[in-house]
Structure formats: structure tokens, C-alpha cells
Amino acid sequence: MGLSDPEPLSAIVMVDGYVVGAARTRLYQEQAERGSGLTDAQFWEAQQPVLEKAMTSGRYPVLASLSEDTFGSGFDHFEFGLQRILDGLEAFVARRTGG
Numbered sequence: 057m058g059l060s061d062p063e064p065l066s067a068i069v070m071v072d073g074y075v076v077g078a079a080r081t082r083l084y085q086e087q088a089e090r091g092s093g094l095t096d097a098q099f100w101e102a103q104q105p106v107l108e109k110a111m112t113s114g115r116y117p118v119l120a121s122l123s124e125d126t127f128g129s130g131f132d133h134f135e136f137g138l139q140r141i142l143d144g145l146e147a148f149v150a151r152r153t154g155g
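Each step along the sequence shown adds one to the number in this note's numbering, with nothing skipped, and position 64 is 120.
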């Protein structure tokens with residue numbers, strides 16, 4: 057791949073850090089659900105009045121302009137982030153190898 061010896065190891069550490077961070081976030085979400093007795097959906101439903109007030113206040117125009125499906129579960133944030141990391145590694149290797 058045209059990388060120096062430490063660079064593949066660094067790439068592994070980077071991907072591992074991303075995966076471990078995502079797993080930790082999921083664990084925290086599960087702990088919060090167990091501790092509060094609320095599912096993620098129930099938590100966000102309870103927050104809706106406060107969020108609606110904030111979005112109509114005019115203080116957060118960019119956030120308020122986002123479509124409602126932006127916050128839905130239909131988008132795979134983990135996959136998106138992992139692909140960007142891999143895209144960056146691919147670009148790095150391509151620059152290093154000239155193609």
C-alpha cells in the first residue's frame with residue numbers, strides 16, 4: 057500500500073477508536089434507558105415541547121431548517137462515519153502511491 061510501517065497500525069487504531077466510541081455511545085444509551093425507564097423514543101417525545109419552543113425561537117435557524125427526518129432512525133450514522141474514515145484512508149493511500 058506504500059505506507060510506512062507505523063501508518064497501517066495508526067489506521068487500525070483510528071478505525072478501532074471510532075468503533076469503540078460508537079459502541080460506548082450505544083452502551084450509554086442502553087444504560088440511560090434502563091436507569092430512566094424510558095426508551096429513546098419516549099425520552100425524545102418528552103423533550104418535544106422544549107425542542108419546539110427552541111426551534112421556533114429564531115435562535116437556531118440552521119437547526120430549525122432541517123427536515124424532520126433528519127432526526128429519525130432511518131439514517132445509519134455509524135455507517136456514514138465509518139465510510140468517511142475509510143474514504144479518507146483510501147485518499148491517503150492513493151496520494152502516497154500516486155494513484
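Glycine included, C-beta positions come from ideal geometry on N, C-alpha and C.
Please state whether DSSP places residue i in a helix, a strand or coil.
i    : result
G77  : helix
S60  : coil
R82  : helix
L65  : helix
S121 : coil
G91  : helix
Going straight from the alpha carbon of residue i to that of residue j, what length do you get?
i    : j    : result
V69  : A147 : 18 Å
S92  : F131 : 25 Å
Q105 : I141 : Inspection of the sequence shows that residue 105 is occupied by Pro rather than by Gln. The alpha-carbon atoms of P105 and I141 are separated by roughly 36 Å.
D2   : R80  : The displayed coordinates of the chain run from 57 to 155. Any statement about residue 2 would go beyond what the structure contains.
L119 : D61  : 43 Å
G58  : T126 : 39 Å
Q85  : F99  : 11 Å
A110 : L65  : 44 Å
Q103 : G155 : 50 Å
S123 : D72  : 32 Å
With respect to the alpha helix (DSSP H) encompassing residue i, which residues constitute its N-terminal and C-terminal limits?
i    : result
D143 : 133 to 153
D158 : What is shown of the chain runs 57 to 155, which leaves residue 158 out entirely.
Mind reading off the beta-carbon distance from residue i to residue j? Whole number of angstroms is fine, and I expect it under 8 Å.
i   : j    : result
A67 : F134 : Incorrect: roughly 18 Å between the Cβ atoms, too far for contact.
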